[in-house]
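Position in the sequence shown counted from 1, then plus 418, gives you the UniProt record's numbering.
Step one of this worksheet: look at the structure below.
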Amino acid sequence: LVKGLEALNDLPCETLDKYRLPLWVNTGLMADVLRSLERGAEGVGLYRTEVPFLLRDRFPSEEEQRGIYREQLEAFAPHTVTVRTLDIGGDKALPYFPIEEANPFLGWRGIRVTLDHPEIFLAQIRAMIKASVGLDNLRILLPMISGITELEEAKALIYRAYHELLEEGFDVKLPPIGVMIEVPSAVYLARELAARVDFLSVGSNDLTQYLLAVDRNNARVADLYQAFHPAVLRALLQVVQDGHAQGVSVSICGELAGDPGAAIILMAMGYDVLSMNASNLPKVKSVIRAINLEQAEALLADVMPMADAEQIRVRVDQTLREAG
Ligand code: PEP
Ligand code: MG
């Protein structure tokens, strides 16, 4: 089977009736990049910059960061690399920047931390923009956005960094800017957010956790963390429809995109890009290549009115079996 999947590496990700669905990857380390390229990834939908920060014993300098980001951008060029600003807090603590809180997932996390520390945010943005000089394959992604004000503040800092670099004589371009849709409030604001950015990217890991009020890392409530919960599916559909109504591309970079059954549903919903761990890419590609878009749309039409996650799972499995 593994050998069979390897043979897919150089084949396009398209359905039997030739509908193209770009499969991108999530990265953190350079090792992920090399494996992803081998598997035929067409871009990076989520580069988690907290990973290199976690491996150090202090904040990397702007120049160190430029080098780290440059490696990722160069390895993937000319494909797009979506670089997310630091998403610490929650379950990701930097040893040299401890955050003590009773409810870390509801606390000082992601964009909340970096807007309170513009010096950290600005150094990171400057490093990203400098790293992309001459490659122009960078997109900037903002984590944990819950309202318009956060987005406007972050954008103002990005413009500031860009103008500073221009004045300093760097030959820089302003990269596309996008937001993660991973907090329930952002689902209801998807239109307004989309009107102010170049792309949306759904973080289904956090979105599921926050919609269902189930800690994504708590084994005791793991049964309640249901990827096919009807509320999750309805939120996912609303986001892609609202994003498209504003004319922006909508991708998804949570674990859900790497689940073959979910990938079929997401394709039928109209997601423009599925971004996943490289290890899931071959099996998702093999399922997409084994079905018609029409079958996927029939599955979506069947599952959307269902009120029960288990019933949805059964229907998804039926389509997977039909696809062989
Ligand atoms: C997500 O929340 O789905 C996501 C992709 O971000 P992370 O897993 O890094 O929180
Ligand atoms: Mg997240």
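Glycine included, each C-beta is placed from N, C-alpha and C at the ideal position.
Distance CB(residue i)-CB(residue j) smaller than 8 Å
i       : j       : result
Pro-561 : Arg-474 : no
Asn-695 : Asn-444 : yes
Cys-671 : Ser-704 : no
Ile-538 : Leu-504 : yes
Asp-616 : Lys-591 : no
Ile-706 : Met-722 : no
Ser-619 : Thr-500 : yes
Val-668 : Ala-681 : no
Leu-569 : Val-597 : yes
Val-601 : Ser-550 : no
Thr-433 : Leu-611 : no
Ile-543 : Ala-579 : yes
Val-605 : Val-657 : yes
Leu-426 : Pro-700 : yes
Ile-599 : Leu-559 : no
Ile-595 : Lys-573 : yes
Tyr-708 : Gly-676 : The residue asked about is misnamed: residue 708 is Ala in this sequence, not Tyr. No, they are not a contact pair.
Ala-545 : Gln-490 : no
Val-691 : Gly-458 : no
Arg-527 : Gly-507 : yes
Simplified DSSP assignment, three categories, for residue i
i       : result
Asn-444 : strand
Asp-435 : coil
Val-605 : helix
Leu-419 : Its pLDDT being 48, under 50, Leu-419 is placed unreliably in this model, and the value from its coordinates should be taken loosely. Leu-419 falls in the coil class under three-state DSSP.
Phe-515 : strand
Ala-425 : coil
Thr-532 : helix
Arg-502 : strand
Glu-586 : coil
Ser-564 : coil
Leu-651 : helix
Ala-541 : helix
Pro-522 : helix
Arg-733 : helix
Phe-471 : helix
Asp-633 : coil
Arg-638 : helix
Ala-579 : helix
Ala-574 : helix
Arg-457 : coil
Asp-450 : helix
Asp-726 : coil
Arg-707 : coil
Ala-612 : helix
Arg-476 : coil
Arg-739 : helix
The ligand MG heavy atom lying under 7 Å from the CB of residue i
i       : result
Gly-621 : yes
Asp-534 : no
Met-598 : yes
Asp-624 : yes
Leu-561 : It is Pro, not Leu, that sits at residue 561 in the sequence shown. Checking the Cβ of Pro-561 against the ligand MG gives yes.
Any non-hydrogen atom of the ligand PEP within 7 Å of residue i CB
i       : result
Arg-466 : yes
Cys-431 : no
Asp-450 : no
Asp-505 : yes
Gly-672 : yes
Segment limits, beta strand (DSSP E) that includes residue i
i       : result
Gly-508 : Here Gly-508 belongs to no beta strand (DSSP E), and DSSP marks it neither H nor E.
Ser-619 : 617-620
Ile-558 : 556-560
Val-551 : Careful: Val-551 lies outside any beta strand (DSSP E) and carries neither H nor E.
For residue i, the first and last residue of its enclosing alpha helix (DSSP H)
i       : result
Val-597 : Counting along the chain, Val-597 falls outside any alpha helix (DSSP H), though it belongs to the beta strand (DSSP E) covering 595-599.
Leu-464 : Careful: Leu-464 lies outside any alpha helix (DSSP H), inside the beta strand (DSSP E) at 462-466.
Phe-646 : Counting along the chain, Phe-646 falls outside any alpha helix (DSSP H), and DSSP gives it neither H nor E.
Phe-494 : 480-494
Leu-592 : Neither: Leu-592 is in no alpha helix (DSSP H) and is coded neither H nor E.
Asp-720 : 711-721
Any non-hydrogen atom of the ligand HEM within 7 Å of residue i CB
i       : result
Glu-481 : By its list of ligands, the structure shown excludes the ligand HEM, since it contains just the ligand PEP and the ligand MG.
Residue i at chain B interface by Cβ criterion, 8 Å
i       : result
Ile-543 : The question asks about chain B, but that chain is absent: this structure has only one protein chain.
**Secondary structure, alpha helix (DSSP H): runs of 4+ residues fully inside the region 658-699** = The region 658-699 contains, as complete alpha helix (DSSP H) runs of 4+ residues, the segments 678-687 (chain order).
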